[in-house]
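One structure below.
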Amino acid sequence: MENLKGKVAIITGASSGIGEVTALELTKAGAKVVLGARRADRLEALAKKITDAGGEALWAVCDVTVREQVDKLAALAHEKYGRVDILINNAGIMLLSFMRNRHVDEWDKMIDVNIKGVLYAVAAVLPIMREQKSGIIVNISSVAGKRVLPSAAVYSGTKFALNAITEGLRQELSADDGIRVTSIQPGAVATELITHVTDAEAAKRAEMLDQIRILDAQDVAAAIVFAVSQPPHVNVNEVTLIPGDQRN
Numbered sequence: 015m016e017n018l019k020g021k022v023a024i025i026t027g028a029s030s031g032i033g034e035v036t037a038l039e040l041t042k043a044g045a046k047v048v049l050g051a052r053r054a055d056r057l058e059a060l061a062k063k064i065t066d067a068g069g070e071a072l073w074a075v076c077d078v079t080v081r082e083q084v085d086k087l088a089a090l091a092h093e094k095y096g097r098v099d100i101l102i103n104n105a106g107i108m109l110l111s112f113m114r115n116r117h118v119d120e121w122d123k124m125i126d127v128n129i130k131g132v133l134y135a136v137a138a139v140l141p142i143m144r145e146q147k148s149g150i151i152v153n154i155s156s157v158a159g160k161r162v163l164p165s166a167a168v169y170s171g172t173k174f175a176l177n178a179i180t181e182g183l184r185q186e187l188s189a190d191d192g193i194r195v196t197s198i199q200p201g202a203v204a205t206e207l208i209t210h211v212t213d214a215e216a217a218k219r220a221e222m223l224d225q226i227r228i229l230d231a232q233d234v235a236a237a238i239v240f241a242v243s244q245p246p247h248v249n250v251n252e253v254t255l256i257p258g259d260q261r262n
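Numbering (the numbering used here), first residue to last: 15 to 262.
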């Protein structure tokens, strides 16, 4: 992982799950991390764990739906280290529900976090990366961005949108600005996401995941580290990984 030594990585949604494990793996490989999420206590504990192990970490409370907070997270990284090499857009929510049950407020939340939150972060780092003529933007999407299942219509819609945004960014930025763009598309992962579902019908359907061996956050973190550790002439466009037992 020589390519990651001294690199500066911003991670949103870093207080748990994929974001937390990715932060630990990147610092093990020599990167410096700037952590953003809403839970200050979790961020502080993670930063301490990293620094106690000899790594380097900064953190700031960051709700990705608030553009000013996202801008401040990017500014923190740039002011401290003078550059931003990697952005990992990991913050996301999966509020599964059947559309007939009209969880409209939850639809709004998914659009705000899964789409607008990513756009805010991209907007915050683009001037820095374009000036450097280098950088990697990693958007954490989902296999739900390729196919739609019952109760996942709006969630899938946000991930379809994210995949389109990611590919558009790659086409626009990679050749002219030296900024690589990657989409990571996991299947079912053992994170907190499923615990946030409030639709009783959707939650019951999600119980089927108990019947298979789903991915760990570590599995997804390994894919992220692989993508960002490639040499500058290699762009990993997308990585799709699903549990071996997952049929759809």
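Where a beta carbon is used, it is the ideal one built from N, C-alpha and C, also for glycine.
Is residue i buried or exposed, if buried means 16 or more other CB atoms sit within 10 Å of its CB?
i           : result
residue 41  : buried
residue 82  : exposed
residue 27  : buried
residue 53  : exposed
residue 66  : exposed
residue 161 : exposed
residue 99  : buried
residue 114 : exposed
residue 120 : buried
residue 20  : exposed
residue 69  : buried
Kindly list the residues whose CB is nearer than 7 Å to the CB of residue i, restricted to its own chain and excluding five residues on each side of it in sequence; keep chain order.
i           : result
residue 74  : 50, 86, 87 and 90
residue 232 : 35
residue 194 : 150, 188 and 249
residue 84  : 76, 78, 134, 135 and 138
residue 177 : 155, 159 and 197
residue 237 : 198, 253 and 255
residue 130 : 79
residue 11  : No answer is possible for residue 11: the residues shown for the chain start at 15 and end at 262.
Out of the options, state which residue places its alpha-carbon closest to the alpha-carbon of residue i.
i           : options               : result
residue 204 : 130, 189, 235 and 184 : 235
residue 97  : 255, 155, 22 and 189  : 22
residue 112 : 211, 231, 239 and 229 : 211
residue 181 : 72, 68, 60 and 252    : 252
residue 117 : 135, 166 and 104      : 166
residue 257 : 156, 140, 135 and 144 : 156
residue 227 : 201, 241, 133 and 243 : 201
residue 246 : 77, 104, 142 and 192  : 192
residue 45  : 52, 64 and 58         : 64
residue 183 : 132, 126 and 24       : 132
residue 95  : 47, 122, 124 and 29   : 47
residue 124 : 93, 145, 190 and 170  : 170
residue 103 : 179, 190, 243 and 55  : 179
residue 190 : 168, 140, 24 and 153  : 140
residue 241 : 153, 186 and 55       : 153
residue 186 : 144, 126 and 244      : 144
Flag residue i as yes when its Cβ comes closer than 8 Å to any non-hydrogen atom of the ligand FAD, and as no otherwise.
i           : result
residue 168 : The ligand FAD is not part of this structure, which contains no ligands at all.
Whose C-beta lies closer than 6 Å to the C-beta of residue i among residues of the same chain, with five residues either side of it excluded?
i           : result
residue 254 : 199
residue 128 : 106 and 172
residue 6   : Outside the displayed span of the chain (15 to 262) sits residue 6, for which this structure offers no information.
residue 215 : 112
residue 142 : 92 and 98
Excluding the 5 residues flanking residue i on each side, which residues of the same chain have their C-beta closer than 8 Å to its C-beta?
i           : result
residue 239 : 15, 18, 36, 39, 40 and 43
residue 61  : 49, 71, 72 and 73
residue 126 : 79
Return the Cβ separation of residue i and residue j in integer angstroms, given the expectation that the two are a contact with Cβ distance under 8 Å.
i           : j           : result
residue 151 : residue 229 : At roughly 22 Å, the Cβ-Cβ gap does not stay under 8 Å, so residue 151 and residue 229 are not in contact.
residue 173 : residue 158 : 5 Å
At least 3 beta-carbon pairs within less than 8 Å: the region 108-122 vs the region 25-35
no
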